[in-house]
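A.B. asks:
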Amino acid sequence: MHLLTRAAGPLLDLIFPRTCAGCGREGGYLCDECEAAIPRLEPPQCNLCSTPSRSALCAWCRSANQPFDGITAPFRWTGVVQEMVYALKYRNVRASAPRLAELMSAHLMERSGTADVIAPVPLHPSRERERGYNQSELLAGEISNSTGIPLATDVLARTRNTPPQVSMSTPDERRQNVIGAFECVGDVAGKRVLLVDDVVTTGATVAECSAQLRQAGAVSIWVLSLGR
């Protein structure tokens, strides 16, 4: 599938020219000027989950025994980043995945991050059939290609088809929505896992996935997303 998508790329570019999500200029999904203008994920922020916080730990991380070792992302969840992720998820702009993953991989390398396996956050099978793909798996595959870290799509499974997180009104509702929705079905005992999702907002989904990975014996769990 990936080979077919790449082979069809030049033809698709003629029919549907690639335009920058920021300025609309043809040539790519994000031009250098617009990339430079995107707000970066920078302090003050929580040392653990990277949400904006004037304290070393945010209220959530102070009150919860987090199963992950950290969450990191290159950008704030604003404007252009939202537009790129929505296009990938909901408008079938799968061809943007390599560019978005390039930004995520560069951020990972800046942090000298590494792992034994890359695990994408899974969709429920019915949701994936409806959409036709899992955007987190597309990103994780590209990151695996650029970093050499093996991709493991069979580590996590979504066992319950929950309502979309965007339909939840509060962080507590989002956390309740995904309780028991994931299962670790692969061997991660003694492994360092890089968990990849397109975006982390409240952190509910990646926390639930991380809890399952930790219970299965993962020794390190870092979460990487495009926006936070």
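First residue of the sequence shown? That's 54 in the numbering used here, and the numbers climb one at a time after it. Note that the Cβ used here is the ideal one computed from N, Cα and C, for glycine as well.
Helix, strand or coil: how does DSSP classify D66 here?
C.D. replies: Unreliable positioning characterises D66 in this predicted model, as indicated by a pLDDT of 48, which lies under 50. The coordinate reading is nonetheless provided below. In the structure shown, D66 sits in a helix (DSSP, three-state: H, G or I).
A.B. asks: For C237, does the three-state DSSP call read helix, strand or coil?
C.D. replies: If DSSP states are grouped into helix, strand and coil, C237 belongs with the strands.
A.B. asks: Between the region 145–162 and the region 73–83, are three or more C-beta pairs nearer than 8 Å?
C.D. replies: With the cut-off at 8 Å, the region 145–162 and the region 73–83 touch.
A.B. asks: Output the distance between the C-alpha atoms of S179 and V138, rounded to the nearest integer angstrom.
C.D. replies: Going by the C-alpha atoms only, they are around 21 Å apart.
A.B. asks: Under 8 Å, with one C-beta from each stretch per pair, do the region 241–250 and the region 211–224 reach the 3-pair mark?
C.D. replies: As far as the Cβ criterion goes, the region 241–250 does not touch the region 211–224, which means the pair count is below three.
A.B. asks: Could you name the residues of the same chain whose beta carbon sits closer than 7 Å to that of A205, not counting the 5 residues immediately before and after it, in chain order?
C.D. replies: Excluding residues within five positions, the ones whose Cβ falls inside 7 Å are V170, I171, A172 and G239.
A.B. asks: According to DSSP, is T58 part of a helix, a strand, or is it coil?
C.D. replies: Low confidence applies to T58: its pLDDT is 46, below 50, so where it sits in the model is not reliable, and the reading given next is rough at best. Three-state result, T58: helix.
A.B. asks: Decide yes or no for the touch test of the region 248–256 against the region 127–141: beta carbon pairs closer than 8 Å, at least 3 of them.
C.D. replies: Taking 8 Å as the limit for Cβ pairs, the verdict is that the region 127–141 does touch the region 248–256.
A.B. asks: Is the beta carbon of Q265 closer than 8 Å to that of L191?
C.D. replies: No.
A.B. asks: Below 8 Å on the Cβ atoms is my contact criterion, and I expect V231 with V174 to pass it. Report the Cβ-Cβ distance as a whole number of Å.
C.D. replies: Rounded, the Cβ-Cβ distance is 10 Å, inconsistent with contact.
A.B. asks: Taking just the CA atoms, how far does R164 sit from E95?
C.D. replies: Rounded to the nearest angstrom, the two C-alpha atoms are 13 Å apart.
A.B. asks: So, helix, strand or coil for G132, using DSSP?
C.D. replies: Of the three classes helix, strand and coil, the one that applies to G132 here is helix, per DSSP.
A.B. asks: What's the C-alpha gap between E181 and Q188?
C.D. replies: Taking the straight line from one Cα to the other gives about 9 Å.
A.B. asks: Using the beta-carbon count (16 or more within 10 Å), is R144 buried or exposed?
C.D. replies: Under this definition R144 is an exposed residue.
A.B. asks: Alpha carbons only, please: which of C114, I124, C87 and N100 is nearest the one belonging to S273?
C.D. replies: Nearest of C114, I124, C87 and N100 to S273, Cα basis: I124.
A.B. asks: Can you give me the Cβ contacts of A140 inside the same chain, cut-off strictly under 6 Å, excluding the 5 residues immediately before and after it?
C.D. replies: So the list reads V146, once near-sequence residues are dropped.
A.B. asks: Using only alpha-carbon positions, find the residue among D225, T223, G77 and V249 that is nearest to I196.
C.D. replies: For I196, the nearest C-alpha among the options comes from V249.
A.B. asks: In this structure, how does DSSP classify R71 when only helix, strand and coil are distinguished?
C.D. replies: Coil, per DSSP.
A.B. asks: Out of G194, E136 and D122, which one is the CA nearest neighbour of G75?
C.D. replies: Of G194, E136 and D122, the residue nearest in Cα terms is E136.
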